[in-house]
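Chains as they are written, first to last, in the working numbering: chain A, 16 to 635; chain B, 3 to 578. This report refers to the structure that appears directly beneath it.
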């Protein structure tokens, strides 16, 4: 790929074309090259082998690429020699017809170089993009198999960055860095050999550059990385600050803290400016330094050549050859160190990707898991213990029994473990001790997907996807017709507000559905559950953000839906749960009271006090 | 270009650096241009005359030129770094200051996510461009002109090649800018789509699992991924054509130079050193053109960034401070709405609030009830003047809020929101956010009042426990309680609770309510709540429906006269 002749070599031409980044703080610019600390790599060999597994089915393309790299490198090394020959054997001898014959060969070689280079890029683009696509798909599929515990304990930002940034790095390496590195090394080697063959004195003068360059690059590179990582740290802090205070703009305003915030920002910003000036100065050293080395070595070789020529030791053609070689020499040297970093970065990235791939899905179906078609809805918790993290038990010895068609309400203070109980029922998590039995079958023996298909869940935190309102409701049952979707929306009392949206059911919901109110989002998620037509219904604070009047209507719909179905209801508002067949009071992970509204009122325990506090005004 | 130019005016502060940087780079270019000329003398005079002394002199000259070139380059880099990074810092600061000065209405419309991207990425983009610009923008044109001039001086006859090569190169570069680079914004779009699906899957994982939609999601992802694959291949293929093409053009020029030079040499019209120098200049010309293309694409990207920055910087706060803001102290807490109509955007057909008219005397407690979207939050947002009314007036202590000194006004209003916003930092930092001067005792009292003290001290480091961004390590109810404590410690004359206990269980809620009533007796309070039990004791209950007041009065009077209110009451407390 080198483009050089007796003149100035093109140092920057082999830049990898990175897609301009528009997202993610601190990206872009040459800074990103130094942005990360030297990546830690645990097992490069194994990682590389695995990575090559992804390109393995494209052996022919890779083989062809290797051949092309060899040929182009060879031609690159030979071309200057032809130029030297042109000077010595033809130009100086004024043999124009001989010159044209040789130049025709050179002409063809250059064409071949360009064609081969292009072909080689095409091949590698396909190989790398295909591999990366597969890698992404695999990673995504793997993610789907993990339990909720995995998502609770891994930062989403980190996961995102593995699927995007790390795979991007891998893609860069596969598509260009690898062939580039190979071609650079071959060029360096080939040129060195050729130089020594042609004239060892001049060759020595050129080769001296290598150690000098290495030392300089090492020195500058180290300090640059150090400065960049401190700049990057400051930038991260600033970006974090921006994100927080822009998001919390309203609160800043409400408490009149604008000036204070600005002062704080100014301080951090000054630190950032100082560190980035330092980083840029160091990073900027490289270009003039390398330029100097190139120019200097050019000067040395020419002068040396001229003197040797006067002494009759070399021909003018040889000087021409070395002039070209001297320029060609600098570039790969320059690049190898850079490429080495890139490759390392992507191996580290690949390791991070494979780390996820190797993660075991925590909740597996047993070998002969039972597929369920329908559920009757008899649920039994038998002395269940559960902890999200070891040593921090959330549920202690919880027992409950629900008969088909019953409504059971879970009440208790925030954080008592109500949501955890329903999370276990859906087998989002596996329990540590005890048994959960549905229709006489241990939950562990059931195919968890078939179980979840029979459960309908409306969660505290609603989640809507990018797409139309129609698509979002249909998520509950993919094969539902438009009419069925509308019917479900009507039941959930969502139809009226949907109708008022600019494009009705076809209204596009943006990311995080910011164009809907919290209550409206909940109505959609209820409609979704209604559409799913489940055997067991779970309502986890399903109506907490809906105003009371709307709630009345939803409740009608829900009561209708609950009929004949076992349902678990978690609610803060007591009116919601008065009609429950069973009320369980959960406190600190234990069931402390159990019974229906009347018996619990008679017991005069926690439930009674709770009701009293809610209705105290009425009593007075 | 106009937006970038406008931002570049900020360089005036760093005039010295911004001028010295390019000047020194000119020196470096000059040295680069000198080298082939010296080389030519060395060959054509020194070698031809077998003059070792001359060769040595020329050789020293070349080395000197290399040294000087490096020196100039280093100095230029120093100045360019300072100017660009300082400009970037200034930009970042003015953007931040601007946002802090804007009203909630402005920020709503600009969208927080986009503002964040703008303040981080766009500013960086401009900063990088300025840095590169100061170093390269002068370098390439100068190198191009110098290269052209010296090539023509070296050999006018060979210069014909340049006439052919330059247009071809330009064509190649235009191809790069017009045809290949836009593809990459398409690739970025596809990447955003892929990221979007992943992001949704991470946040919505519970729903996906609950409805067993893994296959569906896999298909969805497969589609966007395939799309990305195809677009990337197209984009990379186009860009892959560029380098071989450019290489070919310049290599052809070299072959042509060798041939024409050889023919000329045969006619004794040229010397060997001239041919070599000419080839060197060809390289410089080609290199400078390529660099110019890079700078151009960078500038066009920076222009897009600048446009976004300028757009924000030129925003005017929607709630401007009047010339002579008033502050009637001490504030008594009388709140009056006079025929207030309000809409967020003038383009909206309907008003969010219609003819709201009421007076709240100092010390009264007002509860606002109403359906989702009936305008409750909009109403209370008008009190601290987050927005300005469209028609009518909001008055506090008989002074229009638009005439109040905004800072003083907000100093006397405390708010706790349904979606509490906390900042990273310790619990104490978050509480003191509302009042730096509060004593330890006052802080703990506020926390106790909001039923937050107990869980705070149970945390590993109590009040010194670090909260993650937006308080991620707290439950919804805990965040709400901290937010209430924060409003309390602010020690306001008017306190506003906007459904701020929705995630708190009923027992805790009633405790909070009780202590709030004691603490804020004599203060004006506004309460938005879903649970009717919370509002029974209010001095005044306002029933909102579709932006209009449908009933106002005490519990008893509303029970008698207002059907909507009765409805709500019956649904929650009836039959007990």
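Quick reminder that beta carbons are idealized off the backbone N, C-alpha and C, glycines included. Every value quoted in this text rests on a predicted model; they were computed, and no experiment measured them.
Within a 10 Å sphere around the beta-carbon of residue 16 of chain B sit 16 or more other beta-carbons, which makes this residue buried. When the five nearest sequence neighbours on each side are left out, the beta carbons in the same chain lying within less than 8 Å of the beta carbon of residue 311 of chain B are those of 5, 9, 93, 97, 120, 124, 125, 128, in order along the chain. In the DSSP assignment, residue 608 of chain A forms a beta bridge with A:600. At the C-beta level, residue 136 of chain A and residue 191 of chain A come within 9 Å of one another.
Closest by C-alpha distance to residue 414 of chain A, out of A:174, A:132, A:608, A:101, is A:608. Assignment of residue 380 of chain B by DSSP, reduced to helix, strand and coil, places it in the helix class. Taking 9 Å as the cut-off, the Cβ atoms of residue 550 of chain A and residue 474 of chain A do not count as close. Contact between residue 461 of chain B and residue 491 of chain B does not hold, since the beta-carbon distance rounds to 18 Å and is not under 8 Å. For residue 464 of chain B, same chain residues with a beta-carbon under 8 Å away, outside a window of 5 residues either side, are 429, 458 in chain order. Here the alpha carbon of residue 499 of chain A sits roughly 18 Å from the alpha carbon of residue 577 of chain A. When C-alpha distances from residue 308 of chain A are compared across B:40, B:478, B:75, the shortest belongs to B:75. Nearest neighbour of residue 364 of chain A by Cα position, chosen from A:177, A:301, A:332, turns out to be A:177. One Cα belongs to residue 391 of chain A, the other to residue 459 of chain A, and the distance between them is close to 17 Å. Between residue 34 of chain B and chain A, the shortest Cβ-Cβ separation is below 9 Å.
At a beta-carbon threshold of 7 Å, none of the residues of chain B lie near residue 245 of chain A; the nearest stands roughly 14 Å away.
For residue 58 of chain A, the nearest beta carbon of chain B is not closer than 9 Å to its own beta carbon.
The beta carbon of residue 276 of chain A sits closer than 7 Å to those of 260, 267, all from its chain and outside the five residues before and after it, given in chain order. Chain-order list of chain B residues neighbouring residue 493 of chain A: 218, by C-beta distance under 7 Å.
DSSP, read as helix, strand or coil, puts residue 422 of chain A in strand.
For residue 125 of chain A, the nearest beta carbon of chain B is closer than 9 Å to its own beta carbon.
Residues of the segment 261-288 of chain A with a C-beta atom less than 9 Å from some C-beta of chain B are 261, 262, 263, 264, 265, 266, 267, 268, 269, 270, 271, 272, 273, 274, 275, 276, 277, 280, 281, 284, 285, 287, 288, listed in chain order. Proximity of residue 234 of chain B to chain A, defined by a Cβ-Cβ separation below 9 Å, is satisfied. Under the three-state reduction of DSSP, residue 594 of chain A is assigned to coil, being neither helix nor strand.
In terms of CA proximity to residue 117 of chain B, A:257 leads the group A:624, A:257, A:586.
Residue 175 of chain A has a beta carbon lying within less than 9 Å of a beta carbon in chain B. Within the same chain, 411 come within 6 Å of residue 605 of chain A by CB-CB distance, once the 5 residues on both sides are set aside.
In the three-state reduction of the DSSP assignment, residue 109 of chain A falls in the coil class.
When B:355, B:452, B:131 are compared, the shortest CA-CA separation from residue 378 of chain B is found for B:355. Between the alpha carbons of residue 420 of chain A and residue 579 of chain A lies a gap of roughly 4 Å. Residue contact with chain B for residue 69 of chain A: absent (no Cβ-Cβ distance below 9 Å to any residue of chain B). Excluding five sequence positions before and after residue 117 of chain A, the CB atoms of its chain that fall closer than 7 Å to its own CB belong to 97, 100, 101, 105, given in chain order. Annotation for residue 235 of chain B: the continuous alpha helix (DSSP H) segment containing it runs 216-268.
For the segment 403-414 of chain B, the set of residues with a beta-carbon nearer than 7 Å to any beta-carbon of chain A comprises 409, 412, 413, in chain order. Put simply, the CB of residue 441 of chain A is near chain B, with a gap under 9 Å to one of its CB atoms. Taking a beta-carbon distance threshold of 9 Å, residue 331 of chain A counts as an interface residue toward chain B. For residue 549 of chain B, no Cβ of chain A is located within less than 9 Å of the residue's own Cβ.
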